[in-house]
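Report on one structure; see the data block that follows.
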């Protein structure tokens, strides 16, 4: 059941015959398809496909698949991404002081729910170092002194580079990454503690309480240069009532946050998310 | 079980002894309390109470209760509202072209879920007149010609007055009521087809699709002069995916809209909602 | 967007190359695939596929597609079903006294949410005849006298046959259909007012109240000879509390029932449901 | 905000004047009521009340409240329970091999969500000892050898007694406690991994998968001698589809389990749950 698979994500202009062409190529090479999902965005004229097949028995050796995929994508005038299920991404988790998301992610990694490696946790506070030690994960303290944010980000980028990090997860990291950081390291998932696009920016629970909403939410999304406007992967909600104070919203929100983030990350790691035109297709 | 009850809603400055004072007054008059709910907003220093007791056996005759309540509220420096469960409010339903909320409300009235009378349905289009006829409800056509909105609103206000309407329900009425209208008739519930405060204003489903959200919502709220900013009574949500077009959001949204509106209206009719400081306490 | 499509549902033993073979056959005939969903039940060794493509531009004329599909299915040792999106099924709705599901379905047909024809409503009570008249739907009264159930069912079967009914929907029909009926007319969807398999059989809300559950549910399922044990299509839930009496459960349940039934029926009508081994795959 | 409070839970035969009598007694003693919730079960003729008031400023000294409450309950022919919010219960957590609920509870205790002490974790396996060490909680290994269950339970009961435990929480403890154990220590909360009363007993996820349900659930309940039939405190659900294998149900279920258990335990610890006639009233 956990045998290695090849996962192809392809986006290209829509036209008849694409499913046949993709699956035909896999069949010719004796590939056994496990999952095949397609989506046509007719407004945009785009075809999105995610196909997963067994590596074992596939005629092309592992190291030759990429070049074939590149040729295939070129022929279809599209863009392709190739992944192997047995190559676990190296993920850095960014945190500040709150522990709930970090603990949740580390536990899910340990229990096998999240197929990723965590070479480092980066934080602008020391509070969560003991938790990282308990889980045997390296902890890098990068304080953000007023006026020295660029220097701090440079330290982080060096760390990401040295540790060969593919993805950064902001698990309640209470700093905004600069545009420059994101240009150099664009692969970032964030958990925002509101039901976006409601309550973008700071203190969403306080503002939700002020507004008197009856549901609060959490949103896991890819980070872009426009704050809280990146492609949404997952959203969860919780009921609140007039009896709930701001502290209750924060408490209830912790459960929605960690579940939204964990689901989104799992979808990403299994390569079930495709991003296009500021939105996501989630093949769940 | 459906015997008549008296319902008191009271808001006053918080201080010790209030529950005792209220329930003591009812007990002295041989009242049998069915429900008693209280809420203290400690930030605002306010005490909110909703008490419901049997009319039968109560020592004060029905017509003398109001004056006693007024005296009680005055003594507590608060504001009180008094209702009798056997006096069904006269409610006008405002609609445009869409039928789902209107049909739902009329059916719930007929089936006994909503304890209200519907003396008139008011619309700026003729489309829903047949539906009203099927349910035996008067239909008043008040078109909104460009430049003649004030005249149209005057016609509506006359109708509300003549029909002795207590509450107006905007059941997908696609016009904005003027501030002047709301000053003259402030008791209005609206259903907005988004998860407020996200997507205030026009075409929320189109904008939700553009943003790529994973959940859509509906919000039933009291109408105030600030569009879509009134006190929220009820919110519901539905899951959407990349496969859903705008039309699918609209279709799925119809179910969330009619359920949020029906729940909110039922809560209002049972006098379970108290409004204060731009928000609601819902004693459900 | 609403152009006619061809929908193929196929179940066959799993082996490599099936997606390619199906999509290849469609591509060879110039078919433009709109949706393609597959599922492999590895435990059962089965491959399930649902493919939908444009009728327009397809090389095979409409009337020749079926024989090609039969040959294809035979070659794959599987079973296939073929549907055209512009051929709306003829559906009979069975009811007793409760109106909420019937009204909901008729409204959804009228508003275009459900692509089906309703040539007849069959009932063992007269209560809902006026509602059918309002919607212009034929109403057939078939009382179930004690000891004469077989005769009544024969009348119903004659009606289904005469009206060329493809599917029967039990929309709160409070009678159990006999095994004999189901042998002669097996294509039946039911809404059960509990979260199956909890509270099979009679009076689920009373028993849910007795048990003190905190959530109630509704289950839409295909009917089989084992009462309430048929393949589940859709389930919905609602929260309840100690304040809810049995009547409140019944009231809240009406909303879950009609939504579960409407969703299940829409999925069925769009041929998104495949039944196998007592369960369903729902390609939503 | 976290000042100490007194919490009274009272059940007695219903009659007029009870709210006044209770709140009057508190007012006479200068108590400032924070929360007052009442429920009348008219079928059973019972009145349930939970009142919480400030300890500070209350005229009766802490150690004299209990005897007054006893007298009050006697006068009303009822049963009362008295708690102080600053007296945190001593809770033992029972586990087997799975860590998700234990980790979740220990984290919530550490973060202040659950006001309780955990003097000991008891387990029939050694697996979770390291986790307890990380959180600085004593771990007691009590293996259940075939034929020696009574001896093992005696060891557990001794431990509970020695550690002055008030409540036991079965956080995925995969053993059934004997009737004898429950007679000696009846205050036990369990998390069952199904939507009770569906799938009582062993392997609910396997059976849910077999049945092809579209929702799975978890139920937190008080334990009684009838397995999985105790009063329900909280239920949560998660959506599943045909794509989910049994392992996916187990994985998704872990999130519903830990959330249902944490919510139920928090409600219990805040004395918001009242048990009567095999069911609960939850004043949330």
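Residue numbers (this note's numbering), protein chains in the order written: chain A, 1 to 284; chain B, 1001 to 1284; chain C, 2001 to 2284; chain D, 3001 to 3284.
Built from N, CA and C at the ideal position, the CB exists for glycine as well.
Only a predicted model underlies this, so the values are computations on that prediction, with no experimental measurement involved.
Report buried or exposed for residue i, applying the criterion of at least 16 other Cβ atoms within 10 angstroms of its Cβ.
i: residue 2 (chain A); result: exposed
i: residue 2263 (chain C); result: buried
i: residue 3028 (chain D); result: exposed
i: residue 3197 (chain D); result: buried
i: residue 3013 (chain D); result: exposed
i: residue 1205 (chain B); result: buried
i: residue 104 (chain A); result: buried
i: residue 2127 (chain C); result: exposed
i: residue 253 (chain A); result: buried
i: residue 3043 (chain D); result: exposed
i: residue 1280 (chain B); result: buried
For residue i, which beta-bridge partners are listed by DSSP?
i: residue 2009 (chain C); result: C:2050 and C:2081
i: residue 3040 (chain D); result: D:3047
i: residue 1139 (chain B); result: B:1121
i: residue 90 (chain A); result: A:117
i: residue 1059 (chain B); result: According to DSSP, residue 1059 (chain B) bridges with nothing at all.
i: residue 1234 (chain B); result: B:1220
i: residue 1035 (chain B); result: B:1052
i: residue 981 (chain B); result: Residue 981 (chain B) falls outside the range modelled here, since chain B spans only 1001 to 1284, and no answer is possible.
Measuring CB to CB, does residue i end up less than 9 Å from residue j?
i: residue 3163 (chain D); j: residue 3092 (chain D); result: yes
i: residue 21 (chain A); j: residue 76 (chain A); result: yes
i: residue 2082 (chain C); j: residue 2106 (chain C); result: no
i: residue 95 (chain A); j: residue 173 (chain A); result: yes
i: residue 2010 (chain C); j: residue 2079 (chain C); result: yes
i: residue 2038 (chain C); j: residue 2018 (chain C); result: yes
i: residue 2224 (chain C); j: residue 2256 (chain C); result: no
i: residue 240 (chain A); j: residue 273 (chain A); result: no
i: residue 3167 (chain D); j: residue 3187 (chain D); result: yes
i: residue 116 (chain A); j: residue 265 (chain A); result: yes
Can you find a CB in chain B that lies within less than 9 Å of the CB of residue i?
i: residue 2115 (chain C); result: no
i: residue 2284 (chain C); result: yes
i: residue 3018 (chain D); result: yes
i: residue 3040 (chain D); result: yes
i: residue 3144 (chain D); result: no
Consider the Cβ of residue i: report whether some Cβ of chain A lies at a distance smaller than 9 Å.
i: residue 1011 (chain B); result: no
i: residue 1211 (chain B); result: yes
Please confirm whether residue i has its beta-carbon closer than 9 Å to some beta-carbon of chain C.
i: residue 3206 (chain D); result: no
i: residue 3089 (chain D); result: no
i: residue 3215 (chain D); result: yes
i: residue 2 (chain A); result: no
i: residue 3150 (chain D); result: no
Does residue i have its Cβ less than 9 Å from a Cβ in chain D?
i: residue 2006 (chain C); result: no
i: residue 25 (chain A); result: no
i: residue 2199 (chain C); result: yes
i: residue 2281 (chain C); result: yes
Residue i versus chain G: which residues are under 8 Å apart at the beta carbon?
i: residue 1225 (chain B); result: No chain G appears in this structure, whose protein chains are A, B, C and D.
Taking Cβ-Cβ distances below 8 Å as the criterion, which residues of the region 249-279 of chain A are in contact with chain B?
Those would be 278 and 279, in chain order.
Chain-ordered residues of the region 2052-2064 of chain C with a beta carbon less than 9 Å from chain B
The region 2052-2064 of chain C vs chain B, Cβ under 9 Å: nothing.
Pull out every residue of the region 1100-1134 of chain B whose Cβ sits closer than 8 Å to any Cβ of chain C, in chain order.
Residues of the region 1100-1134 of chain B whose Cβ lies closer than 8 Å to any Cβ of chain C, in chain order: 1100, 1103, 1107, 1111, 1113 and 1134.
Relative to chain D, which residues along the region 2220-2245 of chain C have a C-beta separation below 7 Å, given in chain order?
From the region 2220-2245 of chain C, only 2231, 2232, 2234, 2235, 2237, 2241, 2242 and 2243 have a Cβ closer than 7 Å to chain D.
Please list, in chain order, the residues of the region 65-95 of chain A that have any C-beta partner in chain C closer than 9 Å.
For the region 65-95 of chain A, which is checked against every Cβ of chain C, not one residue is closer than 9 Å.
According to a CB-to-CB cut-off of less than 7 Å, which residues of the region 180-200 of chain A neighbour chain B?
For the region 180-200 of chain A, the set of positions with a beta-carbon nearer than 7 Å to some beta-carbon of chain B reads 195, 197 and 198 in chain order.
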